[in-house]
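A.B. asks: Okay, here's the structure, questions in a sec.
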Amino acid sequence: MKIILTIKLLLLCSLLFFSQSYVLSHHNTGTYFDTSQTIELKVATAISFQVVNPHTKLLFVLNDSEGNEVEWWGATASANHLRRVGITNDLISSGDKITVKGYPSKTTDNLLFVTTVIFENGDYADFNYTAGGIFKSVTY
855 MKIILTIKLL
865 LLCSLLFFSQ
875 SYVLSHHNTG
885 TYFDTSQTIE
895 LKVATAISFQ
905 VVNPHTKLLF
915 VLNDSEGNEV
925 EWWGATASAN
935 HLRRVGITND
945 LISSGDKITV
955 KGYPSKTTDN
965 LLFVTTVIFE
975 NGDYADFNYT
985 AGGIFKSVTY
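Residue numbering for the sequence shown follows my numbering, starting at 855 and increasing by one per position.
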């Protein structure tokens with residue numbers, strides 16, 4: 855009986871130990887996005903912005919070199935994080951002209967992890983996990 859209890863305890867400990875790697879990799883931006891490079895998509899038009907869990911979503915379009923509209927998706931931090939730094943659903947409205955910066959997807963075209971959105975007036979929203987928020991433009 856003691857051996858069966860010991861085996862069950864070892865199996866439980868093993869399961870808990872090895873399941874951590876999946877959870878950590880899922881929450882690692884570098885798993886899905888190339889964090890070694892940042893791309894900047896200028897003169898985009900916002901379609902929708904949803905501050906939701908588990909990841910906030912930004913849909914926008916821009917014109918390619920031939921003038922065709924290309925749809926892009928941006929994912930970013932959770933609603934809980936963004937609301938704490940003052941970012942809400944009304945930050946970006948459909949039709950807003952924006953510049954979007956972020957990490958490109960490793961596997962999917964037209965998808966990026968949004969790090970910054972810059973508005974026409976120069977103000978910007980930083981979606982960084984450590985110091986995010988809404989900031990006024992800085993002129994030197």
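Glycine included, each C-beta is placed from N, C-alpha and C at the ideal position.
Since the structure is predicted, the reported quantities are computational estimates derived from the model, not experimental observations.
Confirm, please, whether the CB-CB distance from Thr942 to Val905 is below 7 Å.
C.D. replies: yes
A.B. asks: Please name the residue in Val924, Ile952, Asn907, Asn922 whose C-alpha comes closest to that of Phe973.
C.D. replies: Ile952
A.B. asks: I believe Lys955 touches Tyr886 by the beta-carbon criterion, under 8 Å. Please report the beta-carbon distance rounded to the nearest angstrom.
C.D. replies: About 17 Å separates the two Cβ atoms, so there is no contact after all.
A.B. asks: Along the chain, which unbroken stretches of the alpha helix (DSSP H) at least 4 residues long are found entirely within the stretch 885-970?
C.D. replies: Runs of the alpha helix (DSSP H) inside the stretch 885-970: 933-938.
A.B. asks: Whole angstroms are fine: how far does the CA of Leu865 sit from the CA of Thr797?
C.D. replies: No answer is possible for residue 797: the residues shown for the chain start at 855 and end at 994.
A.B. asks: Between which two residues does the beta strand (DSSP E) harbouring Asp977 extend?
C.D. replies: Neither: Asp977 is in no beta strand (DSSP E) and is coded neither H nor E.
A.B. asks: Round the Cβ separation of Val915 and Ile946 to the nearest angstrom and send it over; I've been treating them as touching at under 8 Å.
C.D. replies: Incorrect: roughly 13 Å between the Cβ atoms, too far for contact.
A.B. asks: What number of angstroms, rounded off, separates the C-alpha of Val939 from the C-alpha of Glu923?
C.D. replies: 32 Å
A.B. asks: Determine the direct distance from the alpha carbon of Ser932 to that of His909, and round the result to whole angstroms.
C.D. replies: Cα to Cα, the separation comes out at about 5 Å.
A.B. asks: Pull up the distance between the alpha-carbon of Asn982 and that of Thr892, whole angstroms please.
C.D. replies: 13 Å
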